[in-house]
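Please read the structure below before turning to the comments.
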Amino acid sequence: SDAQAIRDKALQLVTAFKELPEAEGGADVPEGLRILRDGLGVAPELIAFEKENVFQYDFVENVWFGRLDQAADQRVFIHIAASASDAAELFQLLLEEQSYDYALLEEDEANALLRHEFLNNYFALARQGRYLFGVENAGDTDQIASLLAQFAEALPDG
23 SDAQAIRDKA
33 LQLVTAFKEL
43 PEAEGGADVP
53 EGLRILRDGL
63 GVAPELIAFE
73 KENVFQYDFV
83 ENVWFGRLDQ
93 AADQRVFIHI
103 AASASDAAEL
113 FQLLLEEQSY
123 DYALLEEDEA
133 NALLRHEFLN
143 NYFALARQGR
153 YLFGVENAGD
163 TDQIASLLAQ
173 FAEALPDG
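The structure is reproduced here in structure tokens:
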């Protein structure tokens, strides 16, 4: 049920935050959380980690999500792959799967913008080095461009 799923996510979030170090140094803070919090300004209580079956695909794992606004459906996300080639492979797999429900509006080797066929919202996906990141459930494309630029600046390679 949705209520159980919400409770499970809340428990994951509480557990993740309990494991964060007390010190401000932040060396032990997971990189994905740090990028969302410090690079995009996502409030820590609006950050969640999904370990498996992300986007309902069994091949997508270990993704950090953040909401810029608690009331909005829009989420930013980041996955840190083992290598740039792993990130590129996941980028292609995700695009292929998303194409069943989304129309591809723009694509190059490192960026894609899709619009959901029925919900009429946007899904943006980008990669830079070993980082795969983007925005889901976005209402307009202007904000997407700004968020992807913030991600690119926040990444260590960027």
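When you line the sequence shown up against our numbering, it's residues 23 to 180, in that order. We treat Cβ as the ideally placed atom computed from N, Cα and C, and that holds for glycine. As the structure is a computational prediction, the values presented were derived from the model and not from experiment.
- Counting only runs of at least 3 residues, the stretch 106–164 fully encloses the following beta strand (DSSP E) elements, listed from N- to C-terminal order: 124–129, 133–138, 144–150, 153–160.
- The beta carbon of G61 is closer than 6 Å to those of A176 in its chain, skipping five residues each way along the sequence.
- Contact annotation, H101 with Y124: C-beta distance approximately 18 Å; criterion of less than 8 Å not satisfied.
- In this model, Q96 and G156 are separated by some 11 Å (Cα to Cα).
- A103 has its alpha-carbon roughly 6 Å from the corresponding atom of Y153.
- Minimum Cα-Cα distance from Q114 among the listed residues W86, A160, A146 corresponds to A146.
- When DSSP reads this structure, A70 sits in a beta bridge with F87.
- Residue range 97–102 is occupied by the beta strand (DSSP E) that includes R97, with no alpha helix (DSSP H) assigned at that position.
- Bounds of the alpha helix (DSSP H) holding R56 are 53–56.
- By the CB criterion at 8 Å, K31 and A65 fall outside the cutoff.
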